[in-house]
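Residue numbers (this note's numbering), protein chains in the order written: chain A, 1 to 750; chain B, 1 to 168; chain C, 1 to 335.
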Amino acid sequence: MVTTISSTGTDRYVGTAHSRVDGPAKVTGLAKYAGEFAAPDLAHGYVVSGGIAKGRITAIETAEAEAVPGVIKVFTHENRPRTAWLDYNYRDAVAPPGSPFRALYDDVIHYSGQPVALVVAEDFETARHAASLVKVAYAAEVPATDVDAQAEFAYDPPKKRAGIKPPPQPWGDATAAYEAAPVKLSNDYRLAVEHHNPMEPHASTVVWDGNGRITVYDKIQGVSNSQGYIAAVFGMKKDEVRVLNPYLGGGFGIGLRPQYQLFLAVMAARDLERSVRVTLTRDQMFTFGYRPDVRQRVSLGADAAGNLQSLRHDALSGTSRFEDYQEVVVNWSAILYDCDNVALSYKLAQIDTYTPADMRAPGAVTGVLALEIAMDKLAYATGQDPVALRLANYSERDRTEGKPFGSKALRACYAQGAERFGWERRNPKPRSMTEGRELVGWGMATGVWEALMQQSSAQATLTSDGKLVVGNSTGDIGTGTYTILTQIAAEVLGLPMEDVTTKLGDTDLAEAPVAGGSWTAASSGTAVMKACRKIAADVFAMARAMDDSPLANVDFDRVVFEGGRIAVAGDPSRSVSLVDAMTAGAVDKVEATESAGPDSGHAKEFAAYTHSAIFVEVKIDEDLGQVRVTRVVSAIAAGKIINPKTARSQILGGVVMGIGSALEEESMLDHTIGRFMNHNLGEYHVPVNADIQNLDVIFVEEEDKANPMGVKGLGEIGIVGTAAAIANAVFHATGKRIRDLPITVDKLID
Amino acid sequence: MLIDSGSPRAMETVGISLTINGEVRTLEVAPWTTLLDLLRERLDLTGTKKGCDHGQCGACTVLVDGKRINSCLALAVMKDGATVTTIEGLTEAGTLHPLQAAFVEHDAFQCGYCTPGQICSAAGMIAEGHARSRDEIREAMSGNICRCGAYTNIVDAIEDVMQSGAAR
Amino acid sequence: MNRFDYVRAGTVAEALQAVAGGGRFIAGGTNLVDLMKYNVERPGRLVDITRLPLDAIEEHEGGLRLGALVTNATAAYDARIVARYPVLANAILAGASGQLRNAATTGGNLNQRTRCYYFYDEATPCNKREPGSGCPAIGGVNRIHAIFGASDACIATHPSDMCVALAALDAVVRVAGPGGERSIPFADYHRLPGDTPHIDTTLAPDEIVLSVDLPEQDAASHYTYLKLRDRLSYAFALVSVAAVLDLDGDTIRAGRFALGGVAHKPWRNPQAEASLRGKPATAETFEAAAAIVVAEAEPQSGNAFKVELARRAIVRGLSQAAAGTPQSISDKRIA
């Protein structure tokens, strides 16, 4: 077959804008999420959350709750059913090293908001009411939740987290070069703790199928992870546990790991031998993972023209007492900029909270924020234009791995972004641009994220009515996976998109990893492409074997699949329909399951990253500390864009979350009681519609050979660097260099 | 005194009548059941979403007697006699409401969880007739949080429908 | 949410009878249901007053009478209010969301409770929720808390926007109880916490709000409602200012202003308002008035910024009012 998934211009579906295939289901309310599946005789669980951050439960009184008519059972650590003993069994596919949290395991309180009981009742309201009657007494100890105060106990994580590259060994002599540099900058940075807050609260509906089998609808970014977790924790066989999640109401990373509501729902369903649903409240969404509190110092030494001579980036990240959460915070500095003297460090400190969790571009949001504010400072310190400074230090290779980039169109991002934004009209002097009473600030920053691919399989079934079904177990977390897989499948087999159905989020489908890391388009996309190509080859063989086949002497690489037919390339008069070929082949369906993984040979030679250049305009009423982000241009280099429409949405979403990071989002810990206090959407501020004005996205396409699709992924890159660009714009507007984000009123009027 | 549900703590229910998406429903509800939980848990109208359950996100927005409200903060029993329109009721005979179609066309959502609330809110907002400019739409739609950050496209979709005059 | 008895009242008399002995009125429910889900409010009986005939806006002694059940949305878009008391319309529209304003009522807005994190969180002590249990907000997370009129027992703020405007308009709250009707000047309606922070208002538990009466005045040309918050909509005020000026040319005949987000009640300072009288409507005059107000500020560990923010907000708010350029609700540029 003539391959069409490329940049050759022959693409029919891939590379063109399409509305989401799951759109009608979502706008009509028919799309069902984990906590919305019905089951006969469904019982409802409500979690009782603990009130102290550290200590022990000395007594737990459930009698009053149990006496409420309609209550079925109250589970606590005292009466919970037995589950697996070893930590190993609780470690899900993306768990960091350590001892995963076990709900209702014993009387020990590890963090504030820890689940201490589950009330199961005939209906939701009864469970909620009874939960309020459970009385817990504690022997409280003094918690430590301030990362700064734990800095003296900082340590290198002894076990590294899979997939997370530790900082590379230093090269050159960063200390000596810093001392010798004509221009020196060393500052501390902080980004507040953030909570993911997907709109859909975590929920699990466990359907009791009888004979020990369960069907689980779980809020998870990859059902295989939940299936494996349940099987290991409850000693079940995987084929006794089917997990589905066709739609996910937002993940942003908090849906990567199975969370405690899944454990509790399965535990209760098995114990009661009936179907159970557990949905967490919004407040309980603040009782597990969050973007960690990371204290950073970036030290840059440069010559008078701004060429980097020394680069140090040190990070101290909070983690829990029970797991060594790790993310890549500091490496980005040496990936983005070319410097001969580099020293990077990343340490952990334990606090009495739950383990942090990957949150959209984990580590990069945090690390690139500090780096890119530092680079803006360096631009001012050396009198360079911020874009020119970055170009002067532009890196042609990933020096942390010693590899050139497979593709890197960042220069074009700077150029196109700057042009669209009108950057050349910028007066670099802080406080120089005004509009009426407001100060106007223009700032920019760079973004970077890994272009990853994971081993993934996919299946495809073409039936003799010409309809194709493809899919695997990964999730569409709102990214558009249903749509792009449909496009890819339609492209390969030359079918109208309406004849292609994509199924996702079901462990009965071909296995695929969790949807995260921006790897789904590359991983599942390639697997679907391969499965469809296998079908194409099989059907082609049938077509060629037909009596008097117009394709009799044609090779596979000389045909195209178009309009439901296989035709000789360049001669559409010689063609066979897929349906006719299958009829001739006497089959009612053709199936294929294929697996795809990263090209290790290519990966050995080339580094793969997405890049961005972000340009921001802010308008600030300085007197009153009010900031408005009036314009953002985000220029993205992320390989091949499969669907410009959904791709743009991904970037818009990243930018919006970046605006939240920069100006609004902050989970506030009361260190005396060790508790996040603003645990609701009224007081944890995420951007609302009024906060978002003109956002503009540019895609700079790249040719990349890391995977056959040439895609790099878009879920993360939109957020990385956005907050730094805003902070830099705030500096340009006001002359105030704020290195402790979010930039709230109090910091601006100071 | 019109209704007295009886002594506290009893599992008493109250008979109410609601017209939901054009259908008259006679229901026995406990007084502590919210309109949102009634729709989702009893009537399987799960298109109306629970995002916060405290009026802080807008995912539960429905139209009650034509006005957009947070169904999570409305006790069902207090809405006795009211007309309720949910996202399921905006679709007529399988045809998408202009707002639903515009949301698809403008890619005004990603995960889809806030979407029914956004659409019901937009329908209510258009009926209110106070928002005209993009600034006014943004302000009037600020009671509906979209964590996926689809605001730009949401405003595009609503503006499109308002300009075409297609909204009912 | 606890179990409760539900009563639907058809008349004010029925409502008063039903609420006696521990009942609570419910209308919009936007705060009460919210708090009941957190077990902060646990009424034994809910008295549904939505059917009472208190939903009209009527002419009253040259001013307007807002029935207790008039929704926020109805009030904000009422032509008479927009024309004669635009500061009230703007304050209402600066608060909450379109959905909440469609449900929330005038009476309920007066009686909404603080948004203090600790008050809302059953797991922590709170003198307002459980008298005598303590106030962890003092020395805790308190950037949103009071800078005026707080006590050692409570540093909570009143969260309303509407009430700030009502305070500046010298509204009167008309209530009914077992002993008949009475009127409460707005300044006396909300309390300071003192050592009884669990009592928010001077409304007795067995009394009901009938209306809020807006006295006749010229509040139409020189006013503003300026609200400063952590995002551009759908957030409570860090500091807000409702200002109404009566100008004779450039000279201030009289000026009234109230602050929101800074105290247990809408905060007015009679001395500062008196300082405006007879003065030119200039920045110097407004700065002097603001200085009088903030001189009394007593910030908490995490909200010292509010003192300066309040000072600047007063100056800007009075300037907006004097210039006749009230703060726009949808255009976020501050005039």
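Note that beta-carbon positions come from the ideal geometry of N, C-alpha and C, so glycine has one too.
- Here Glu41/B carries a helix assignment [DSSP, helix/strand/coil].
- Within the stretch 383–453 of chain A, the complete alpha helix (DSSP H) segments of 4 residues or longer fall at 386–392 and 410–421, listed in chain order.
- With respect to Val365/A, Leu191/A sits close: the two C-beta atoms are nearer than 9 Å.
- At the C-beta level, Val368/A and Leu185/A stay beyond 9 Å of one another.
- Contacts between Ser142/B and chain A, judged by CB atoms closer than 9 Å, involve Val688, Asn689, Ala690 and Asp691 in chain order.
- Interface annotation, Asp704/A: not in contact with chain C, CB-CB separation never under 9 Å.
- Taking each of Glu61/C, Gly62/C, Ala56/C and His60/C in turn and checking the Cα distance to Ala73/C, the smallest one comes out for Ala56/C.
- The alpha-carbon separation between Met267/A and Asn211/A amounts to approximately 15 Å.
- Here Asp146/A really is in contact with His671/A; their C-beta atoms are around 5 Å apart, less than 8 Å.
- Approximately 11 Å separates the beta-carbon atoms of Leu52/C and Thr105/C; this is outside 8 Å, ruling out the contact.
- Taking a cut-off of 8 Å on C-beta distances, the stretch 526–535 of chain A does not touch the stretch 39–55 of chain A, as fewer than three cross pairs fall below it.
- Non-local C-beta neighbours of Gly194/C in its own chain, meaning closer than 6 Å and more than five positions away in sequence, comprise Ser151, ordered along the chain.
- If you check the CB distance, Lys640/A and Asp107/B do not come in under 9 Å.
- At least 9 Å separates the CB of Ser523/A from every CB of chain B.
- Leu247/C carries a strand assignment under DSSP once its states are collapsed to helix, strand and coil.
- Per the DSSP secondary-structure output, Gln459/A pairs in a beta bridge with Gly471/A and Thr593/A.
- Take Pro201/A, set aside five residues on each side of it, and the residues of its chain with a beta-carbon closer than 7 Å to its own are Thr279, Leu280, Thr281, Arg282 and Met285, in chain order.
- Note: Asp314/A is bridge-paired with Arg297/A and Ser345/A in the DSSP secondary-structure output.
- Within 8 Å of the CB of Gly51/A, the CB atoms of chain C belong to Glu122, Ala123 and Thr124, in sequence order along the chain.
- Straight through space, the alpha carbons of Met1/C and Asn39/C are spaced by roughly 6 Å.
- Distances from the alpha-carbon of Val629/A to those of Gly564/A, Met444/A, Pro572/A and Lys408/A put Met444/A closest.
- Counting only the Cα atoms, Arg675/A lies some 16 Å from Asp148/A.
- Ala690/A is positioned such that its CB atom lies closer than 9 Å to that of Arg138/B.
- At a beta-carbon threshold of 7 Å, the residues of chain B lying near Ile477/A are Cys111, ordered along the chain.
- Per the C-alpha coordinates, the member of Ser17/B, Ile145/B, Thr115/B and Leu36/B positioned closest to Ala25/A is Thr115/B.
- Shown here for Gly172/A: same chain residues with a beta carbon closer than 7 Å to its own, the five before and five after excluded, namely Asp340, Asn341 and Val342 in chain order.
- For His129/A, the enclosing alpha helix (DSSP H) stretches over residues Phe124 to Ala131.
- Put simply, the stretch 265–279 of chain C touches the stretch 156–175 of chain C. At least three CB pairs are less than 8 Å apart.
- Taking a C-beta distance under 9 Å as the contact criterion, Ala123/C and Arg101/C do not qualify as a contact pair.
- Annotation for Leu63/B: no alpha helix (DSSP H) segment contains it, though the beta strand (DSSP E) segment containing it runs Thr61 to Val64.
- Nearest in C-alpha terms to Tyr113/B, of all of Ala102/B, Asp135/B and Ile87/B, is Ile87/B.
- Identification of chain B residues near Leu280/A by a Cβ-Cβ cut-off of 8 Å yields none; the smallest Cβ-Cβ distance measures about 11 Å.
- Setting aside the 5 residues that flank it on each side, Lys73/A is surrounded in the same chain by Val120, each with a C-beta closer than 6 Å to its C-beta; the list follows chain order.
- With respect to the C-alpha of Ile351/A, the residue from Tyr380/A, Thr319/A, Leu371/A and Phe234/A having the closest C-alpha is Thr319/A.
- Taking 9 Å as the cut-off, the beta carbon of Gly713/A is found no closer than this to the beta carbon of Ala412/A.
- Taking 9 Å as the cut-off, the beta carbon of Ser71/B is found closer than this to the beta carbon of Val62/B.
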